[in-house]
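Going down the list, the sequences are from chains A and U.
Its first residue numbered -8, the first sequence is counted upward by one per residue in the working numbering.
Its first residue numbered -8, the second sequence is counted upward by one per residue in the working numbering.
Ideal placement from N, C-alpha and C gives every residue a C-beta, glycine not left out.
What follows is a short report on a single structure.
2 protein chains.
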Amino acid sequence: KPSSTLRAPAMPDAAVAPAPEMPQREVARALADQAVARLAPRLLPSAVPDDVAEFRNGAGNAVGSLDVRRGAPGSSIDFMLQSSLHCKVPNGAIDITSILIFLNAATDAPHFLLELIQGSPTSIVVLLDLLPRKDLSLHPDYLQKYYENTQIDEQRAKIEELPQARPYRSPSLFVRSAFSPTAVMVTIDCGQGGEGTLEEIVHGRLAAVAKEVLQIWLDCCAESTTAMDDIERDCLLKRDQIVRSKSIEVDLTASLPRMFDPDVSSHVISEIRKAFGLQEP
Amino acid sequence: KPSSTLRAPAMPDAAVAPAPEMPQREVARALADQAVARLAPRLLPSAVPDDVAEFRNGAGNAVGSLDVRRGAPGSSIDFMLQSSLHCKVPNGAIDITSILIFLNAATDAPHFLLELIQGSPTSIVVLLDLLPRKDLSLHPDYLQKYYENTQIDEQRAKIEELPQARPYRSPSLFVRSAFSPTAVMVTIDCGQGGEGTLEEIVHGRLAAVAKEVLQIWLDCCAESTTAMDDIERDCLLKRDQIVRSKSIEVDLTASLPRMFDPDVSSHVISEIRKAFGLQEP
């Protein structure tokens, strides 16, 4: 019975297998390389302790990694966060790969976000967006600048036209409303026996679209600065703060404790909260 | 050739057939009755001239109706607008049915919107929402009050779970971003020979869901008032104004001139602009 493995006593770290290589991990690595190639002069070295850079569950069923690089002083980069979580469950494994590149209040340009959640070998949830930092209904010029002029909606369409794609609705209405109208929010479900098809899509269409979206973000957002008065900056900071704390609440504080021992997950969450500026470093 | 009819010289109004009875028209009528039954004391009599209450195209291929009732002084209703547009085209007909009930600045509660766009006998686009009037990412309490506590997302799910439903993406990013995360934005496509199925869905599931959404709006929004300071009210008014003028630009000023003669469509658009508060009455 696989569940007996789950209840096995903690094993020394050396006995835990490393996270398996998965197609989405290669995609995320390529994206991170693409971002770093452009942003390197504006990124500080990694800032997480070794036991957060890679962490495991005592029971040996889960392994994760987190890397956070803060933006260099004077840059408009706040931080770049990469994480992967892999957890064996009785019927398979859950695997979550994320890349977030958040900007600071030197600009109001959107953040970059990619999250890939694989709950079965044949299906994957894709969240990919330039996260808006202003109310789009109040600021049509912002919508036009970052979303219409960049023609980023064509990238969303390339994913949604896949016959295997159907809309993914986050159970959190807050998460749904934080995304832009051009966000990719889909489940790609290749059905029974579709492992090969899924791998092909992840390496093919998904990798290409994510690369394109990141390139748009690098070209139009990553290096921008925005002149703001105090009221505008206060509103931006307040909105950023709410989105950050709500998304941590919904996302990581929900999934990490289900996958890892409490001491491990709270340690990792604390590092993420630091990156998000929600906790003193 | 049907297109020759389109180019026929203008006929006297009497020769133009009345708009055909369609299932969505009955649904809209029932909703309007449901709204009026509750709001009647707060609605003034219809305020549109006869030639806007019903209007036709000189070529005899299009017929429309518009009714606007303003809210009574002291109420939080701004206006209730019902419209229907029906236009024969070479391969069939386009039919657009709308009900909008907009609130004024006595409250920040969402507006009610239903729009049904039928481009073929077997498919219909459904837009149904409580249109938010605040930035949901900046105001999670607003999201909770009107969208989470009302469990309105269950209504969206009832439509989206129909096997004939697929997401409808407005070509306008502004329209997409103006809607709430619980909005119904779907195309219900019943495929060749699916006229009967579509009629069943419109009279059945769609009518029931629209009725439920309107009931939530009547119970939670229609009669509410909100205490606001001047800054909050200014922001609300500015946002309302932008959403109203952008949606007219995208929606009616785009479709009316394609269906009706220029003098008819500009006359009707002018009445709609008055209702929207974008033009002096």
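*Just the chain A side, please: which residues come within less than 7 Å of residue 139(U) by C-beta, in chain order?*
Numbered from 1 along the second sequence, position 148 holds the residue referred to as residue 139(U). Simply 164.
*From this set, 266(U), 44(U), 108(U) and 122(U), which residue's C-alpha is nearest residue 13(U)'s C-alpha?*
Position 22 of the second sequence, counted from the first residue, corresponds to residue 13(U). Checked all of 266(U), 44(U), 108(U) and 122(U); the closest Cα to residue 13(U) is 108(U).
*Going straight from the alpha carbon of residue 36(A) to that of residue 60(A), what length do you get?*
Taking the first sequence and counting its residues from 1, one reaches residue 36(A) at position 45. Taking the first sequence and counting its residues from 1, one reaches residue 60(A) at position 69. Roughly 6 Å separates the two Cα atoms.
*chain A contact for residue 233(U) (CB, 8 Å cutoff)*: Taking the first residue of the second sequence as position 1, residue 233(U) is located at position 242. So, interface residue.
*Using three-state DSSP, classify residue 77(A) as helix, strand or coil.*
To locate residue 77(A), count along the first sequence from 1; it is residue 86. Reduced to three states, the DSSP call for residue 77(A) is strand.
*Fully enclosed by the stretch 39 to 77 of chain U, which beta strand (DSSP E) runs are 3 residues long or longer?*
45 to 47 and 53 to 61
*asked:* Cβ closer than 7 Å: which chain U residues qualify as neighbours of residue 237(A)?
replied: Numbered from 1 along the first sequence, position 246 holds the residue referred to as residue 237(A). Residues of chain U passing the Cβ test: 131.
_Less than 8 Å between the C-beta atoms of residue 92(U) and residue 102(U), yes or no?_
What you label residue 92(U) is simply residue 101 of the second sequence in a count that begins at 1. What you label residue 102(U) is simply residue 111 of the second sequence in a count that begins at 1. Cβ distance < 8 Å, so residue 92(U) and residue 102(U) count as in contact.
*With a CB to CB cut of under 8 Å and the five nearest residues on each side skipped, what residues in its chain are close to residue -1(U)?*
For this step, residue -1(U) is matched to residue 8 along the second sequence. With a pLDDT of only 39 at residue -1(U), under 50, the local geometry of the prediction cannot be trusted, and no value is derived from it.
*asked:* DSSP three-state label for residue 248(A), please.
replied: Taking the first residue of the first sequence as position 1, residue 248(A) is located at position 257. Residue state, collapsed to three classes: helix.
*Look at the Cβ atom of residue 98(U), then the Cβ atom of residue 67(U), and state whether they are nearer than 8 Å.*
In the second sequence, residue 98(U) corresponds to position 107, counting from 1. In the second sequence, residue 67(U) corresponds to position 76, counting from 1. Yes, the Cβ-Cβ distance between residue 98(U) and residue 67(U) is below 8 Å.
*For residue 235(A), count neighbouring Cβ atoms within 10 angstroms of its own Cβ and tell me buried if that reaches 16, exposed if not.*
To locate residue 235(A), count along the first sequence from 1; it is residue 244. Buried, because 16 or more other Cβ atoms sit within 10 Å of the Cβ of residue 235(A).
*Secondary structure at residue 127(U), three-state DSSP: helix, strand or coil?*
Taking the first residue of the second sequence as 1, we reach residue 127(U) at position 136. Three-state result, residue 127(U): coil.
*Give, in chain order, every residue of the stretch 112 to 132 of chain U whose Cβ lies closer than 7 Å to some Cβ of chain A.*
126, 127, 128, 129 and 131
*Counted within 10 angstroms of its Cβ, other Cβ atoms place residue 216(U) as buried (16 or more) or exposed*: Here residue 216(U) refers to the residue found at position 225 when the second sequence is read from its first residue. Its Cβ having fewer than 16 others within 10 Å, residue 216(U) is exposed.
*Between the beta-carbon of residue 205(U) and the beta-carbon of residue 22(U), is there less than 8 Å?*
The residue given as residue 205(U) occupies position 214 in the second sequence. The residue given as residue 22(U) occupies position 31 in the second sequence. For residue 205(U) and residue 22(U), yes; Cβs fall inside 8 Å.
*What separation, rounded to the nearest whole angstrom, lies between the Cα atoms of residue 218(U) and residue 231(U)?*
On the second sequence, position 227 is the one that residue 218(U) refers to. On the second sequence, position 240 is the one that residue 231(U) refers to. Their backbone Cα atoms lie some 17 Å apart in a straight line.
*asked:* Distance cutoff 8 Å, beta carbons only. Does residue 156(A) sit that close to anything in chain U?
replied: Translated into positions along the first sequence, residue 156(A) becomes position 165. Cβ-Cβ to chain U under 8 Å: no for residue 156(A).
*Keeping to the same chain, check which residues put their C-beta closer than 6 Å to that of residue 189(A); ignore five residues upstream and five downstream.*
Locating residue 189(A) in the first sequence gives position 198, where the first residue counts as 1. Here the set comprises 113 and 181.
*Applying the criterion that 16 or more other CB atoms from any shown protein chain within 10 Å of the CB defines a buried residue, is residue 167(U) buried or exposed?*
Along the second sequence, one-based indexing puts residue 167(U) at 176. Buried.
*Residues of the stretch 239 to 271 of chain U whose Cβ lies closer than 9 Å to any Cβ of chain A, in chain order*: none
*For residue 136(U), decide whether its Cβ has a neighbour in chain A, counting only Cβ atoms nearer than 8 Å.*
Taking the second sequence and counting its residues from 1, one reaches residue 136(U) at position 145. Judged by the 8 Å Cβ criterion, residue 136(U) is not in contact with chain A.
*Residues in its own chain within less than 6 Å of residue 211(U) by CB, not counting five upstream and five downstream?*
Numbered from 1 along the second sequence, position 220 holds the residue referred to as residue 211(U). So the list reads 141, once near-sequence residues are dropped.
_If contacts are defined as beta-carbon pairs under 8 Å, then residue 117(U) and residue 197(U) qualify, I think. What distance do you get, rounded to the angstrom?_
Position 126 of the second sequence, counted from the first residue, corresponds to residue 117(U). Position 206 of the second sequence, counted from the first residue, corresponds to residue 197(U). Yes, residue 117(U) and residue 197(U) are in contact; Cβ-Cβ is about 6 Å, under 8 Å.
*In chain order, which continuous runs of the beta strand (DSSP E) of length 3 or greater are located wholly inside the stretch 142 to 222 of chain U?*
156 to 158 and 175 to 180
_Using only the alpha-carbon positions, how far apart do residue 161(U) and residue 44(A) sit?_
Against the second sequence, residue 161(U) aligns to sequence position 170. Against the first sequence, residue 44(A) aligns to sequence position 53. The straight-line gap from Cα to Cα measures roughly 43 Å.
*For a contact meaning CB atoms closer than 9 Å, what does residue 210(U) contact in chain A?*
Here residue 210(U) is taken as the residue at index 219 of the second sequence, counted from 1. Result: empty, since nearest Cβ-Cβ is about 19 Å, beyond 9 Å.
*Report the rounded CA-to-CA distance for residue 252(A) versus residue 154(A), giving the unit in angstroms.*
The sequence position of residue 252(A) within the first sequence is 261, counting from 1. The sequence position of residue 154(A) within the first sequence is 163, counting from 1. The straight-line gap from Cα to Cα measures roughly 39 Å.
*Would you call residue 5(A) buried or exposed, if buried means 16 or more other Cβ atoms sit within 10 Å of its Cβ?*
The residue you call residue 5(A) lines up with position 14 of the first sequence. Residue placement at residue 5(A) is poorly supported in this model, since its pLDDT is 41, which falls under 50; the coordinates are not used for a value here.
*Could you give the DSSP three-state label for residue 121(U): helix, strand or coil?*
As a first step, residue 121(U) is located in the second sequence; it is residue number 130 there, counting from the start. Correct three-state label for residue 121(U): strand.
*With which residues is residue 103(U) paired in a DSSP beta bridge?*
As a first step, residue 103(U) must be located in the second sequence, where it is residue number 112. Note: residue 103(U) sits in a beta bridge opposite 92(U) and 121(U).
*Could you confirm whether any beta carbon from chain A is found closer than 8 Å to the beta carbon of residue 169(U)?*
For the purposes of this step, residue 169(U) is taken as the residue at position 178 of the second sequence. For residue 169(U), the answer is yes, since a Cβ of chain A falls inside 8 Å of its Cβ.
*Show which residues of chain A have a CB atom less than 9 Å away from the CB atom of residue 173(U).*
Translated into positions along the second sequence, residue 173(U) becomes position 182. The contacting residues are 164 and 167.
_Taking the beta carbon of residue 74(A) as the centre, do at least 16 other beta carbons fall within 10 Å, making it buried, or is it exposed?_
Counted from its first residue, the first sequence places residue 74(A) at position 83. Under this definition residue 74(A) is a buried residue.
*Mind pulling the chain U residues with CB within less than 8 Å of residue 230(A)?*
Reading the first sequence from its first residue, position 239 is the one you call residue 230(A). By Cβ distance, chain U contributes 126, 128 and 129.
_Under 7 Å: does the beta carbon of residue 244(A) sit that close to some heavy atom of the ligand FMN?_
In the structure on display, the ligand FMN does not appear, and there are no ligands present to speak of.
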